[in-house]
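Residue 102 in our numbering sits at position 105 of the sequence shown; the count goes up by one each step and never skips. Using N, Cα and C, we set each Cβ at its ideal position, and we do this for glycine too. These figures come from a predicted structure and were not determined experimentally.
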Amino acid sequence: MTRAEKTRRILEILDELYPEPPIPLDHRDPFTLLIAVLLSAQTTDARVNQVTPGLFAAGPDAATMASLTVDEILDHIRTCGLAPTKAKNISKLASILNEEYDGEVPRDLAALEELPGVGHKTASVVMAQAFGVPSFPVDTHIHRLAARWGLSNGTTVERTERDLKAVFPEETWNRAHLQIIYFGREHCPARSHDLTECPICSWAATKKRIAEESKKNRSGRRKRRSKD
């Protein structure tokens, strides 16, 4: 089976499971989406969705957010990972948007990547989900599954993004990246996953990959039993 054939079959399964995948981070507009995605680094989406209602009530737009002190922002996001650094970045980011972009989020990948705390993945999510620009943001789930499915060598996130863009039709990128995230969470976890029982891994993964992960799972179970 070629990568193109494999990709078509994967898309069929994902479209059946998640025909209209929702954006997992609660937001109202490009600005609140940008802040939510920034907060999601090393933090679960569920945790972000718990803290953003209070944060967005205090700072619903760039101008209002910029008027808050770093400590005021931190009070709202304290339970998120790397909260002190994120609070500083949100404050700086809001000031830049307010002063240089009339409070609007730029519709430009390079401009987004220059903002404090905004990396390539965050910028790509905003381009895809706020502005509808075809993008393929790669998070840990997508990175892991692309390697398991033999669609990428999995050595770097950048390489994974290039490989996936090469095999998935451009018009599917924005929904496919969300579909793969949901699939990874619900069907294809990182640990203790039996690839032979997975709706996609069972046929998309190589025999070598299945054997390697099976061996890793057995080793992990032995270590846990020895600790008990």
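query	result
Classify residue 37 as buried or exposed, calling it buried when 16 or more other Cβ atoms lie within 10 Å of its own Cβ.	buried
Please give me, in chain order, every unbroken run of the alpha helix (DSSP H) with length at least 4 that falls completely inside the region 44 to 81.	59 to 64 and 67 to 74
Using CA coordinates, which residue listed in 94, 63, 180 and 72 is at the minimum distance from residue 19?	180
Between the Cα of residue 57 and those of 156, 30 and 11, spot the shortest distance and give me the residue it belongs to.	30
To the nearest angstrom, report how far apart residue 3 and residue 173 are at their CA atoms.	14 Å
Would residue 75 be called buried (16 or more neighbouring beta carbons within 10 Å of its own) or exposed?	exposed
Along the alpha helix (DSSP H) that carries residue 4, what are the first and last residues, could you check?	0 to 14
Is residue 171 buried or exposed, if buried means 16 or more other CB atoms sit within 10 Å of its CB?	buried
When the Cβ atoms of the region 82 to 101 are set against those of the region 128 to 135, are three or more pairs found closer than 8 Å?	no
Please report how far the alpha carbon of residue 78 lies from the alpha carbon of residue 160, in whole angstroms.	30 Å
Label residue 51 either buried or exposed according to how many other C-beta atoms from any shown protein chain fall within 10 Å of its C-beta, with 16 as the threshold for buried.	exposed
From what residue to what residue does the alpha helix (DSSP H) around residue 176 run?	170 to 183
Counting C-beta neighbours from all protein chains within 10 Å, is the total for residue 83 16 or more, i.e. buried, or is it exposed?	buried
Express the C-alpha separation of residue 122 and residue 63 in angstroms, rounding to a whole number.	23 Å
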